[in-house]
Structures are given as structure tokens and as C-alpha cells.
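Please read the structure below before turning to the comments.
Numbering (the working numbering), first residue to last: 511 to 607.
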């Protein structure tokens, strides 16, 4: 799934220079370790799951709640966040807003 998204949908270039390396100023654009980036990603994507999952489970039962947390995170949350990241990188590090 990840290979399909990266090669067919977003057509990623592994040799592309990120804005953090291109504009490294030590303040706004700073190359960051992978472990730190993963931490930021998971705190962002996991924010709604503890809220939405129990609400879905309370309304429709535990199985739909579990499926929402598992598949919603993978197919909606992760894809959305990754697409936002790719879009930001292609536009010199600017945000969507």
C-alpha cells in the first residue's frame, strides 16, 4: 500500500532535497532526526483516535469502534498526514493554511 501511494499517487523522488536541508537556518528550517519526526507524527495522528473510537463503540458496539481505530488510522489518518507532508515539501515547506 505504501509503495503504491509513493510510486503511483505522489511519485516521490528519494533524491529530492527537503526544505530543512535547502534552507537550514538553525531556527525555522532544521534537519531533524527520524525518531523526533516519528514522535510528532504519532502524536498528531493519534489525537482523535482515543476520542472517536470510544464514541463509535458506544453508539454501534465494540467491533465498529475497533475497526474505526485500526482502519481509520491506516487508510484515512496516515494517508491524509502523508499527503499533507508531501504537499508541504513540494511547496518549499509552506503549510496548507
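C-beta: ideal position from N, C-alpha, C; glycine also.
Residues near residue i in its chain [Cβ-Cβ closer than 7 Å; skip 5 each side]
i	result
residue 540	530 and 534
residue 598	604 and 605
residue 545	none
Classification of residue i by the beta-carbon crowding that lies within 10 angstroms, buried from 16 upward
i	result
residue 578	buried
residue 605	exposed
residue 593	exposed
residue 571	exposed
residue 587	buried
Reduced DSSP category for residue i - H, G, I as helix; E, B as strand; rest coil
i	result
residue 527	coil
residue 553	helix
residue 588	helix
residue 599	helix
residue 521	coil
residue 564	helix
Same chain only: Cβ atoms within 6 Å of residue i, ignoring 5 sequence neighbours per side
i	result
residue 608	The structure shown does not extend to residue 608, since the chain is modelled only from 511 through 607, so no value can be given for it.
residue 566	574, 575 and 578
residue 516	522
residue 542	none
Member of the options whose CA lies at the smallest distance from the CA of residue i
i	options	result
residue 562	546, 547, 551 and 580	580
residue 596	528, 582, 584 and 560	528
Contact belief for residue i with residue j at Cβ below 8 Å, rounded distance in angstroms
i	j	result
residue 523	residue 551	Not a contact, Cβ separation roughly 21 Å.
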